[in-house]
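Note sheet for the following structure.
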Amino acid sequence: MWILVLCIVFNAIIGVIFKLFNKYNIDNLQAIVVNYITCICVAAVVQKGIPFPDNLAGQPWFYHAFGLGLVFIIVFNTLALTMQHFGMVIGSIFQKMSLIAPTLLAILVYHEPSSAYKWFGIGAALFSIVLLSYEKSDANDGSNSTKRVGYLWLFPIVTFLGSCVIDSGFYYIEKQQLADNNDVSFVASLFLFTASYGLIILIVQLMRGKTQLAWKNIAAGIILGVPNFFSIYLLLLALQQGFGGAIVFPINNVGILVMSAILGILLFREKVTKYKIAGFFLAVISILFITS
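Following the numbering used here, the numbering of the sequence shown begins with 222 at its first residue and continues without gaps.
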């Protein structure tokens, strides 16, 4: 069980690091690209060698990893922006509510048995997002403020939709038995594709003079990469140890939400409203019902 506890801790640390990015003016893209390169290096250390299979293009999951890599780089950037603008609680919830997607995929496409509990959980999850998204209007706010808030809400929405694609992709890969739970080469290859997409975007920005490399961004990426790798590796390890997915995923997701909420309030004095409190508890309940 300590493996799962460490997994929750590393996920929460990622949220703290993203919040600190904003404080120290870290370039998200630069740090995130370095982060994925760091993940590959850590994977090589864990594997005690090159973490990629000899015939990478011939792997049954190759094209899935290739496509998911692009979604990964987009979602990780929007998740960083969500946590920076809205806090660790909302960022974590919009990411973890993606459980809805594989649940619907399992019921509607693979005809797995459903229950009133699951449908209640899906409804509760959607309603929790509404509560968390609710912002009480202020008569003193101008139209510019309203537009700014509306624009910023694109970040958690894209985070949620992108995370739905990622979770559905992982579910499909597992359902089709394209990769084992302990297949670190699949995860490392996913990091490789994600880093490659990020490097292309970064190189274009550098050539156009939109950004400049800075050592603090590189250092921030290395710091982020270590917990990011272990947040995934430990989850796979927990599944490998014999804990069923019905136990691992609910505990992991609820644990991340709870720890993120505690750290957000204690470390960053995140604003707590009655709507966010209600949305938080409804999100926890929905995860428990969806995975029941």
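Even glycine gets a Cβ: it sits at the ideal position worked out from N, Cα and C.
Start and end residues, alpha helix (DSSP H) containing residue i
{"i": "Met318", "result": "It is not in any alpha helix (DSSP H) - Met318 carries neither H nor E in the DSSP assignment."}
{"i": "Ser389", "result": "Leu375 to Lys396"}
{"i": "Tyr236", "result": "Going by the sequence as given, residue 236 is Gly instead of Tyr. Run containing Gly236: Trp223 to Lys244, per the alpha helix (DSSP H) assignment."}
{"i": "Ser513", "result": "Where Ser513 is concerned, there is no enclosing alpha helix (DSSP H), given that its DSSP letter is neither H nor E."}
{"i": "Trp340", "result": "Ala337 to Ser354"}
{"i": "Leu291", "result": "Phe283 to Phe307"}
{"i": "Phe412", "result": "Val405 to Met428"}
{"i": "Thr494", "result": "From DSSP, Thr494 is part of no alpha helix (DSSP H); its letter is neither H nor E."}
Straight-line Cα distance separating residue j from residue i
{"i": "Leu434", "j": "Gln426", "result": "10 Å"}
{"i": "Asn365", "j": "Trp374", "result": "Residue confidence is low: Asn365 scores 46 on pLDDT, short of 50, so the model does not pin down where it sits. Its coordinate-derived value is still stated next. Answer to the nearest angstrom: the Cα atoms are 14 Å apart."}
{"i": "Met480", "j": "Thr415", "result": "27 Å"}
{"i": "Ile229", "j": "Gly290", "result": "23 Å"}
{"i": "Ser452", "j": "Arg429", "result": "34 Å"}
{"i": "Phe273", "j": "Gly371", "result": "42 Å"}
{"i": "Gly312", "j": "Arg490", "result": "15 Å"}
{"i": "Ser354", "j": "Ile378", "result": "10 Å"}
{"i": "Ala459", "j": "Ser335", "result": "26 Å"}
{"i": "Ile343", "j": "Ile328", "result": "12 Å"}
{"i": "Leu487", "j": "Val493", "result": "12 Å"}
{"i": "Gly270", "j": "Ala409", "result": "12 Å"}
{"i": "Val422", "j": "Lys240", "result": "The sequence given here places Ile at residue 422; Val does not occur at that position. For Ile422 and Lys240, the distance between alpha carbons rounds to 23 Å."}
{"i": "Ile261", "j": "Ser417", "result": "12 Å"}
{"i": "Met222", "j": "Asn473", "result": "11 Å"}
{"i": "Thr512", "j": "Ile238", "result": "29 Å"}
{"i": "Lys495", "j": "Phe501", "result": "10 Å"}
{"i": "Ile235", "j": "Gln268", "result": "23 Å"}
Cutoff 8 Å; reference residue i; Cβ partners in own chain excluding five residues on either side
{"i": "Gly419", "result": "Leu250, Ile253, Val254, Tyr257 and Ile294"}
{"i": "Gln462", "result": "Ile224"}
{"i": "Asn276", "result": "none"}
{"i": "Gly390", "result": "His285, Gly288, Leu289 and Val292"}
Other residues of its chain near residue i: CB distance less than 7 Å, five sequence neighbours each side excluded
{"i": "Leu503", "result": "Ala345, Phe348, Ser349 and Leu352"}
{"i": "Asn246", "result": "none"}
{"i": "Ala233", "result": "Ile477, Met480, Ser481 and Leu484"}
Expected contact under 8 Å - CB spacing of residue i and residue j to nearest Å
{"i": "Ser319", "j": "Ser384", "result": "3 Å"}
{"i": "Leu300", "j": "Thr380", "result": "5 Å"}
{"i": "Val469", "j": "Ile508", "result": "Between Ile508 and Val469 the Cβ distance is about 12 Å, and since that is not below 8 Å, they are no contact."}
{"i": "Asp388", "j": "Pro471", "result": "In fact, because the Cβ distance is near 14 Å, the residues do not count as touching under 8 Å."}
{"i": "Phe412", "j": "Leu302", "result": "Not a contact, Cβ separation roughly 21 Å."}
Close-in-space but distant-in-sequence residues of the same chain around residue i (CB under 6 Å, 5 per side omitted)
{"i": "Phe341", "result": "Phe510"}
{"i": "Ala400", "result": "Trp282, Ile394 and Phe407"}
{"i": "Phe231", "result": "Pro448, Phe451 and Ser452"}
{"i": "Gly363", "result": "Because the pLDDT of Gly363 is 44, which lies under 50, any placement of that residue in the model is unreliable, and the number read from its coordinates should be weighed accordingly. Excluding sequence neighbours, Gly363 sits near nothing in its chain."}
The stretch 431 to 446 in contact with the stretch 302 to 315 per 3-pair CB rule at 8 Å
No, the stretch 431 to 446 is not in contact with the stretch 302 to 315.
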